[in-house]
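Position one of the sequence shown corresponds to residue 3 (this note's numbering), numbered consecutively onward.
Cβ atoms here follow ideal geometry from the backbone N, Cα and C, with glycine treated the same way.
Beneath this line is the structure, given in C-alpha cells, with notes to follow.
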Amino acid sequence: MTASDNYHGFELGPIRPPSEASSLLLRITRNCPWNKCKFCGLYRGEKFSLRPVKHIIQDIDTIRFFVDQIQDVLQQTGTNYQQVSALQADLSASDQLAFHSALSWLRGGMKSVFLQDANTLVMKPAGLIEILEYLRHVFPGIERITSYARSQSVARINDGDLLRMAKAGLNRIHIGMESAADDVLDFINKGVDKQTHILAGQKVKRAGIELSEYFMPGLGGKEFSTANALETAEALNQINPDFIRIRTLAIPEAVDLYQDVQSGRFTPLGDIEKAAELLLLLDHLEGITSTVKSDHILNLFQEVEGRLPEDKLKMTAPIRSFLAMESDQQLLYLVGRRCGIFTELSDMEDTELRRHAEKALAAHHVTLDNVESWAAEMMQRFI
C-alpha cells in the first residue's frame, strides 16, 4: 500500500465494547481528550490527537484492498485459509495489522464497524460525516456503525449535525455515564454533571441513534452508594436509552482512585454492597423500555439481563436471592464467580461447579474477613 502526507499505515486502538467483538475497528482519534477520570487509567500518559480524515480514508481503502484479496483467494481455493495466510508474507507491520483486521471482520460477516478511540464525536461534524459516508460507500453491506462518546461532547453538537451523522450511517453511540450523581461525578473528576448527561442522552435519542448508557456499581463508594443508584436511575428514566450496560467498579493500582482508597478519601464497596446498589438502581428504573445488559466479566451476575419493564422481576430475582442467602453461601458464590467458575447464581445448583468452587474457597483461604480484599485483587486481573 502507498503512503502519503505522513500517513504511517493502518492503526488500531486499545479497546472496544464486548458487543463489538465482530466489528471492524476503525481508529478515528487517538486516546482520550478528557483523560482525567479517577477510575480509568487506560490512556494515562498518552497524548490525545485527531487523525486526519484523509488518513482514515486510506485505512478504509486498505481494508477494502485486503478484503478483496482474501475473498479472491477463498473463491479460487474453496475457503483454503492456509493460502490466505500466505498473502501476509511480505507485508509491513501496519499492513499485517490491517490484513488481520480485514480477515477477522470478513469471518465475522462484515456487518458492523466500531469507531475508536474514547470519543470520536469530538471530531468536527463535517469530517466525521465524510468518513461515515465514505465507509458506507466502500462497504454498502454495513448494518451498524458505533462509537464511544462523552456526554459533554454530545451536548455541544447541534441537533442538525447529529441528524446528519445518523443519516450518514452512525446508528449507535456508547456513553460512559457511569453515574449521574453530581457528588460522585465531581469526586471522580468525570467532567460532566447530571443535567448534561440527561441532555446528551436525549439529543442522541432525538437523532434516531441507538444509545447505550453505562452504569458502574460501586463508583460512589460507601458514602455515595445510595445516591449513585438513585440519581443514576432518575437520569436514565429521563433518557430512556436503548441499552443500560452494567460495568462493576474495579480499582487497579494504576488509577487515581486507588490513591484515594489508600488515603482513606474513598471507601470501596464489597461485592455484596455492590449487589445491593445494583438492585436499588433496577428497582427505581420506571417508565422506560431499555434493555439491560450485564456483558462484562467484572459483573457479579451475568444473568441480570432483559428488557424493561417486562423483565424487571426476572432480572432482580437472582440479586434478591443472593442477598437473602446465608453468609457462607454468599461467600461460596463470590469465590466461584471471581474465579470464573460461576457465571450466574443458578450455577451453584450444578454439583460439579459447586465442588470446584469449594476447592477454590479452600485453596485461596478466603473467609468472610478477607473476601473483599481478595475479590478486589482477583478483579484486577480482568482489567
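- The beta carbons of Y216 and M179 sit closer together than 8 Å.
- The alpha carbon of R138 has as its nearest neighbour, out of A256, S375, L26, E374, the alpha carbon of L26.
- With fewer than 16 other Cβ atoms inside 10 Å of its own Cβ, P311 counts as exposed.
- When C-beta atoms of the region 145-161 are compared with those of the region 191-207, three or more pairs fall below 8 Å, so the two segments count as touching.
- CA-to-CA, the gap between L123 and I30 works out to about 9 Å.
- Counting only runs of 4+ residues, the alpha helix (DSSP H) found wholly inside the region 129-211 occupies 153-158, 161-170, 184-189, 196-208, in chain order.
- Here the alpha carbon of T269 sits roughly 35 Å from the alpha carbon of F116.
- Listed as beta-bridge partners of T293 by DSSP are F245, R309.
- When DSSP assignments are scanned along the region 250-287, the uninterrupted stretches of alpha helix (DSSP H) that are 4 or more residues long and fall wholly within it turn out to be 258-265, 273-285.
- For Q118, the enclosing beta strand (DSSP E) begins and ends at 114-118.
- The beta-bridge partner set that DSSP reports for S214 consists of H176, F245.
- The region 334-348 makes contact with the region 298-310, as at least three CB pairs between them are under 8 Å.
- By the 16-neighbour rule on beta-carbons within 10 angstroms, H199 is buried.
- Shown here, S21 sits in a helix according to DSSP, grouped into three states.
- The straight-line gap separating the alpha-carbon atoms of G210 and N173 is approximately 8 Å.
- Taking C-beta atoms as the reference points, I131 and R166 count as a pair closer than 8 Å.
- Note: T31 is bridge-paired with L52 in the DSSP secondary-structure output.
- Residue burial annotation: T234 is buried, with at least 16 other C-beta atoms found within 10 angstroms of its C-beta.
- Counting of Cβ neighbours within 10 angstroms places P243 among the buried residues, the total reaching 16 or more.
- When the five nearest sequence neighbours on each side are left out, the beta carbons in the same chain lying within less than 6 Å of the beta carbon of R247 are those of S214, Y216, K295, in order along the chain.
- CA-CA distance, T293 to M327, rounds to 27 Å.
- A91 is not a Cβ neighbour of F12, given a cutoff of 8 Å.
- Between the alpha carbons of V263 and K205 lies a distance of about 36 Å.
- Under the three-state reduction of DSSP, L26 is assigned to strand.
- Taking the CA atoms as reference points, Y83 sits about 18 Å from D97.
- The C-beta of N33 has 16 or more other C-beta atoms within 10 Å across all chains shown, which makes the residue buried.
- Taking the C-beta atoms as reference points, D313 is found no nearer than 8 Å to P20.
- If only uninterrupted beta strand (DSSP E) runs of at least 3 residues are considered, none is enclosed by the region 58-98.
- Between the alpha carbons of A95 and H102 lies a distance of about 11 Å.
- In the structure shown, D349 adopts helical secondary structure according to DSSP, grouped into three states.
- In this structure, V257 lies away from G111, with their beta-carbon atoms at least 8 Å apart.
- The alpha-carbon of K224 is positioned some 18 Å away from that of L370.
- With fewer than 16 other beta carbons inside 10 angstroms of its own, Q77 counts as exposed.
- Within the same chain, and ignoring the five residues on either side of D185 in sequence, the residues whose Cβ sits closer than 7 Å to its Cβ are F226, A229.
- W107 sits in a helix when the DSSP states are folded into three classes.
- Within the same chain, A252, P254 come within 7 Å of Q382 by CB-CB distance, once the 5 residues on both sides are set aside.
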